[in-house]
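Numbering of the sequence shown is given in UniProt numbering, commencing with residue 1 and proceeding in unit increments.
In what follows, a single structure is set out as structure tokens and then discussed.
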Amino acid sequence: MRSRLLAASVLALAVVGPAAVAVAQQATHLDLAAVVNARRDTMKAMKDAMGELAAMIEEGQNFDAARVADLAALIELNTEKIPHQFPDGSLIPGSEAKEALWEEREEFEKTAGEATVAAKALADRSALVTEPADLERAFKDVAMSCRACHKAYRKPF
Ligand code: HEC
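This is the structure:
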């Protein structure tokens, strides 16, 4: 009796098991793809913001201190999201993140924090200036904070 029950449940597992596992794996895979897409969107928004800031600050095109403050605030907010957008297990094919990011979690999050501080400094400074040149230093600090993290935790192209 016991062994027949066992045999029946083994059979049931054999039939249901692989399908259920496949569905579960697919769901996880989709979730992780969404996680990677979300962090890419965070990064792309910052890239666009940096492009607009560079035009205003380095080339003096349509300089608008209020716009600088908005863009710097966007970067500040987005860098604050970074520590939450790289959960364990989210290094999937297609991601450009380096393994080191998960191995040096604390250092990675510290690097994100430095970018947040640099972006906030740019936002604060933009309230005090009239000339684009007055923001060059603060802008460069933000650019360097992006680069520092990419150098350590993003695969080179
Ligand atoms: C604390 C680390 C960190 C900081 C700070 C950071 N990045 Fe990234 N960035 C990454 C990582 C890691 C990736 C790769 C993500 C992936 O592919 O999973 C990435 C990817 C990108 C990408 C490629 C997005 C895509 O389309 O795949 C761009 C563009 C980018 N970052 C721009 C920026 C800019 C601009 C800044 C600064 C304002 C910045 N990043 C700050 C870690 C960081």
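Ideal Cβ placement from N, Cα and C applies to all residues, glycine included.
Since the structure is predicted, the reported quantities are computational estimates derived from the model, not experimental observations.
Environment of residue i [buried if 16+ CB atoms lie within 10 Å]
i	result
Val10	A caution first: Val10 carries a pLDDT of 49, below 50, which makes its placement in the model unreliable, though a value can still be read off. Val10 is exposed by the Cβ-count criterion.
Arg125	buried
Met1	Caution is warranted here: a pLDDT of 46 is assigned to Met1, below 50, making its placement in the model unreliable, and no coordinate value can be reported.
Asn78	buried
Ala38	exposed
Ala100	exposed
Ala138	buried
Minimum C-alpha distance to residue i - residue among the options
i	options	result
residue 158	Arg67, Glu80, Thr79, Asp88	This structure cannot settle anything about residue 158, because the visible part of the chain is limited to 1 through 157.
Ala49	Ala143, Glu114, Val117, Asp134	Ala143
His84	Ala66, Asp134, Ala112, Ala100	Ala112
Ala72	Ser90, Ala38, Thr116	Thr116
Lys140	Lys47, Ala33, Ala38, Glu58	Glu58
Ala34	Arg154, Phe86, Asn62	Phe86
Thr131	Ala66, Phe157, Lys151	The sequence shown places Glu at residue 131, rather than the Thr named in the question. Considering only alpha carbons, the answer is Ala66.
Glu114	Ala127, Lys81, Val129, Thr28	Lys81
Lys120	Asp64, Glu76, Trp102	Glu76
residue 237	Asp134, Ala45, Glu103	Nothing in the structure corresponds to residue 237, since the chain is present only between 1 and 157.
Gly60	Arg147, Ser95, Pro156, Asp134	Asp134
Element boundaries [alpha helix (DSSP H), containing residue i]
i	result
Ala69	65-81
Val129	Counting along the chain, Val129 falls outside any alpha helix (DSSP H), and DSSP gives it neither H nor E.
In DSSP terms, what residue i is bridged to
i	result
Arg154	Ala97
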